[in-house]
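2 protein chains.
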Amino acid sequence: MFSVSARTQYGIRALAYLARKPGWEAVGAEIAEAEDISPKYLEGILTRLAAAGLVRSERGKNGGYRLARAPDGVVMADVVAALDGEVRPVDCVDSLGICGHDTSCSSRKFWIGLKTAIDEYLGNRTLADIIENGADPGSAN
Amino acid sequence: MFSVSARTQYGIRALAYLARKPGWEAVGAEIAEAEDISPKYLEGILTRLAAAGLVRSERGKNGGYRLARAPDGVVMADVVAALDGEVRPVDCVDSLGICGHDTSCSSRKFWIGLKTAIDEYLGNRTLADIIENGADPGSAN
DNA sequence: TCTTTTTCCTATCGGTATAGTAGGATTATA
DNA sequence: TATAATCCTACTATACCGATAGGAAAAAGA
Ligand code: FES
Ligand code: FES
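Residue numbers (our numbering), protein chains in the order written: chain A, 321 to 461; chain L, 321 to 461.
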């Protein structure tokens, strides 16, 4: 339940690798080799991250990927949203009324509450929290 | 991301239907019809809930399903665990060392933190919270 | 201009899980 | 024995996912 796709796990490892490097930059093949990820598959992941503005990509010789912001500015909620989309436990988080006989659907609030809890967690962690030593910023224990 | 299976959504709706009925009991076909769920598919769901001890099932004539406990004793964490398994963002929540070069893996703590946040939310809500009017017990806002 | 290095794009494939269906076996009541 | 219900096993169809393949576009340097 609630398992995270390999795509997102790979993406986070790739970002963490970049964040640990001086200049926060590297070439795709290097990341793939260091993190033991299928190079071709990682390409698509990095492209997604670039499209979301989390990394800058430069083509051609001397090209590669570079973190768009400092690690403590890369919010994990944005990372997972870029790779696997927004947190959406059920389809009716925005559009009400799909599942049901209740006009003010009761379980809908339950799922929205879960979404909020997850978004809050992911919104309060950054890449910096991950590469340091743990993932526990003072907030929210 | 983090979408909930139809199985779990159906299961919760079925439990909510039972909780709203006097005696907390109904027959499978009745639930399926009222909640507009495929009857055959719902059978398997109710069997799982019965195996997890969340509902009692009685076979034969005058049989059916009944809530095993009062709605405020049915913890949502148990419900989703019965239907879709434990919350496990990554495989290495227990077994360390699958993904990585780090001995004290950094991203692992991140995922465990997420699991904890989700478990906390689900562990603090019961079926009663769902059938009332919202899903916001005083705790944890 | 030509070659090299890199990111980008599109299409495809095999595996796996999910939602749903089908048919019957079991159990209990009357 | 007939009926009404849960239980069990197997099957199908679809969709997504991880991965692969082959190249197209772009930037730099010789
Ligand atoms: S309208 Fe979506 S859960 Fe009810
Ligand atoms: S050991 Fe699993 S995330 Fe590193």
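Even glycine gets a Cβ: it sits at the ideal position worked out from N, Cα and C. Quick caveat: nothing in here was measured; it's all calculated off a predicted structure.
- Item | Cross-chain neighbours of A:Ser358 in chain L, by beta carbon under 7 Å | Per Cβ cutoff of 7 Å: no residues; A:Ser358 is ~14 Å from chain L at best.
- Item | Residue burial classification, A:Pro409 (beta-carbon count within 10 angstroms, cutoff 16) | buried
- Give every residue of the same chain whose Cβ lies closer than 7 Å to the Cβ of L:Ala336, excluding the five residues on either side of it in the sequence, and list them in chain order. Leu447, Ile450, Ile451
- Item | Contacting residues, own chain, Cβ-Cβ under 7 Å from A:Ala402 (five flanking each side not counted) | Arg368, Leu369, Ala372, Leu374
- Message: Distance check for L:Val399 and L:Pro457, CA to CA, integer angstroms please.
- Response: Bear in mind that a pLDDT of 45 at L:Pro457, under 50, signals an unreliable position, so the model cannot answer this.
- Message: Helix, strand or coil for A:Ser426? Go by DSSP, reduced to three states.
- Response: Helix at A:Ser426.
- Query: Apart from the five residues just before and just after L:Gly348, which ones in its own chain have a Cβ nearer than 8 Å to its Cβ?
  - Reply: Only Pro359, Leu362, Glu363, Leu366, Gly384, Tyr385 meet the Cβ criterion.
- Determine the chain A residues that contact L:Ile365 at a beta-carbon separation under 9 Å, and present them in chain order. Within chain A, no residue comes near L:Ile365; the closest Cβ sits about 15 Å away, beyond 9 Å.
- Task: Taking the CB atoms as reference points, tell me whether A:Tyr441 and L:Leu442 lie closer together than 7 Å.
- Result: no
- Task: Out of A:Phe430, A:Leu338, A:Gly331, point me to the one whose CA is closest to A:Ile357's CA.
- Result: A:Gly331
- Task: Assuming A:Ser323 contacts A:Asp404 (C-beta within less than 8 Å), just tell me the rounded distance between them.
- Result: Not a contact, Cβ separation roughly 11 Å.
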